[in-house]
Ligand SMILES: Nc1ncnc2c1ncn2[C@@H]1O[C@H](COP(=O)(O)OP(=O)(O)OP(=O)(O)O)[C@@H](O)[C@H]1O
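In the working numbering, the protein residues as written are -10 to 283.
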């Protein structure tokens, strides 16, 4: 099932926990050098999928290839080609940031320079601080540093910026863009849709263990979901809206009809978050009767 430019291939992946279908027939590819975002609400099955790809979790069914290897059979050489930032590692060690990174760098054949990694994640002032004394967001940066110190071919980032302040998130995005430019393949999960829009080339949306959409980050939800919305308030106070490919024309005609500025006029271009929410809500509604019967 291997084609040369796919770093990850997943076919009909299934994972059950007792009666629960956590992952229910998911298929997708991640091309080499691509940043792929796996999006979905809490409990959708993202972490389970990622942990199977990382070789940390067994699967119930389906086929998986990661860098040409079945993760269930991946040895140390294969693991050394991966970088992993788990959802929460809770790095609370008594060692310093630099010591921990040096220790981890020793596990890899061709690690990055530890000082460079510390600078990349913005922890230079804390390099000699014990990890246990760092703030939550700073500890998260240590997790990210540990994920990239081995110069991975494939980097798994499971909600990497949770707890980051806004400036740290933007700094982190720059780090990821640098890794992308070097050719690193990245699988990202995040609940920050702006983060996915900033970083990902393609995305898959997973809900209830199923892939509900997949495509370029600008294609998720379909073209119709991106049609701008013009909204304004009528003279009688009612909110009016019109979806249109020509918002300028609609605004002009509304202004002309008003003979002036209409109240609460806005042109809304749906963000990835708007589109994602619509997609996930429509799946929720469709799934409701089944959930009740289950
Ligand atoms: N070890 C486990 N035993 C039983 N059920 C589990 C286990 N791990 C996950 N689940 C269940 O499987 C489903 C998928 O969980 P998963 O952690 O993969 O979701 P997720 O998309 O990563 O969610 P989040 O965004 O909250 O991290 C959930 O219903 C969860 O309760």
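Every residue gets a Cβ at the ideal spot worked out from N, C-alpha and C, and that includes glycine.
None of these values were measured; they are calculated from a predicted model.
Distance check between residue 148 and each of 97, 126, 118, 64 places 126 closest, using alpha-carbon atoms only.
Following the DSSP letters along the chain, one finds residue -6 in no alpha helix (DSSP H), marked with neither H nor E. Following the DSSP letters along the chain, one finds residue 183 inside the alpha helix (DSSP H) bounded by residues 182 to 188. Going by beta carbons, residue 100 and residue 138 fall inside the 7 Å limit.
Every beta strand (DSSP E) stretch that sits fully inside the segment 98 to 171 and reaches 3 residues is listed by chain position as 143 to 147. Here the segment 85 to 94 makes contact with the segment 111 to 127; the two share three or more CB pairs at distances below 8 Å.
For residue 266 and residue 56, the gap between their C-alpha atoms comes out near 32 Å. Straight-line measurement puts the Cα of residue 4 at about 5 Å from the Cα of residue 48. At least one heavy atom of ligand 1 falls within 6 Å of the beta-carbon of residue 33.
In the structure shown, residue 16 adopts extended strand secondary structure according to DSSP, grouped into three states. The beta carbons of residue 19 and residue -4 sit closer together than 7 Å.
Distances between the C-beta of residue 11 and the heavy atoms of ligand 1 include at least one below 6 Å. Per DSSP, the beta bridge partners of residue 255 are 220. Secondary structure at residue 196: strand, using DSSP grouped into helix, strand and coil.
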